Amino acid sequence: MISAPFHLAGERLLLDPAGALFWPARHLLVLADLHLEKGSHFAARGQLVPPYDTRETLARLQPLLRRYAPAHLLFLGDSFHDAAGPSRLAAPDRQALLTLLAGREVTWVLGNHDPVPPEGLPGAAVEELKLGPLTFRHEGRPGTAAGFELSGHFHPKAALATRCGPVERPCFLADARRVLLPAFGAYTGGLAITAAPIAALFPRGGRAFLLGRDRLYSLATGPMRQMAAAAGRMAPIGAA
Numbered sequence: 230m231i232s233a234p235f236h237l238a239g240e241r242l243l244l245d246p247a248g249a250l251f252w253p254a255r256h257l258l259v260l261a262d263l264h265l266e267k268g269s270h271f272a273a274r275g276q277l278v279p280p281y282d283t284r285e286t287l288a289r290l291q292p293l294l295r296r297y298a299p300a301h302l303l304f305l306g307d308s309f310h311d312a313a314g315p316s317r318l319a320a321p322d323r324q325a326l327l328t329l330l331a332g333r334e335v336t337w338v339l340g341n342h343d344p345v346p347p348e349g350l351p352g353a354a355v356e357e358l359k360l361g362p363l364t365f366r367h368e369g370r371p372g373t374a375a376g377f378e379l380s381g382h383f384h385p386k387a388a389l390a391t392r393c394g395p396v397e398r399p400c401f402l403a404d405a406r407r408v409l410l411p412a413f414g415a416y417t418g419g420l421a422i423t424a425a426p427i428a429a430l431f432p433r434g435g436r437a438f439l440l441g442r443d444r445l446y447s448l449a450t451g452p453m454r455q456m457a458a459a460a461g462r463m464a465p466i467g468a469a
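The sequence shown begins at 230 in my numbering and counts up one residue at a time.
Right under this line is the structure:
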């Protein structure tokens, strides 16, 4: 895996192709929108889907913990698909999650899907977290008053024109003041970066980092109102 370095407020961050962000100076790994137990949420309402989303999402997290050995895990909200999600964890999945969290500082930013602390799990629950010059919250706030911000919530994705047709991938989206993280969960969809809620955060455009199998692909964007008609070329990011 080749991560992409990105600087925000003078801090060096690493964007990982798996969809996580690592802050080396703080030994901090950040993930957004895991939506654990989404499958069981829908099953309880008669919409039967394979009940393996939590297991798959936790399996995606394991190699990141090996790669970065973070001292602090920060989840940017919607970690569970609903407030009752922690109580529906199957015993093996609960144990797997506890094992992944063990020995680390854990912070749960509350989201719109999980507005209360996850019952029975270690860690502190907060509305937002400020570390040095950076503020971590679930949903981004338009304007410079939001400070230097990292957020999730919108599940950003971007499309690129290729000779074989458009390729659409989850992505990071960043500019000089903020980073929007992709959704990390196995059962999460995406919202195009040209959609109004995302465009409000990046009115002048920014840079999208599309998730690839083992690297990120960088696409500079113009003003979002022009992005829907724009075509780009994929440029692989070099090693950090």
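The beta-carbon is built from N, C-alpha and C at its ideal position, and this holds for glycine as well.
The structure presented is a predicted model; accordingly, all values stated were derived computationally and were not measured.
A distance below 7 Å separates the beta carbons of L258 and F251.
Under the criterion of beta carbons closer than 8 Å, C400 and L439 qualify as touching, at roughly 5 Å. Beta-bridge partners assigned by DSSP to C400: L439.
At the C-beta level, A300 and D343 stay beyond 7 Å of one another. Straight-line spacing of the CA atoms in L330 and R296 works out to 15 Å.
The bridge partners DSSP lists for K359 are T364. Residue pairing by DSSP puts T336 in a beta bridge opposite L303, A353. Proximity of the stretch 400-414 to the stretch 370-382 meets the contact definition, three or more beta-carbon pairs being nearer than 8 Å. Counting along the chain, L430 sits inside no alpha helix (DSSP H), nor does DSSP assign it H or E at all. For R255, DSSP records no beta bridge to any residue. For Y446, there is no enclosing alpha helix (DSSP H); the enclosing beta strand (DSSP E) covers residues 445-449. Excluding its 5 nearest sequence neighbours in each direction, A424 has no C-beta neighbour in its own chain below 6 Å. Contact check for T336 and V355: beta-carbon distance about 6 Å, within the 8 Å limit, so the pair qualifies. Around the Cβ of L277, a 10 Å sphere holds fewer than 16 other Cβ atoms; the residue is exposed. A straight line joining the alpha-carbon of P321 with that of G268 spans about 16 Å. In the three-state reduction of the DSSP assignment, P315 falls in the helix class.
Approximately 17 Å separates the beta-carbon atoms of K386 and A429; this is outside 8 Å, ruling out the contact. Note: S380 is bridge-paired with L409 in the DSSP secondary-structure output.
Assigned with DSSP and collapsed to three states, P371 falls in coil, not helix or strand. When C-alpha distances from H384 are compared across L326, S316, H264, L243, the shortest belongs to H264.
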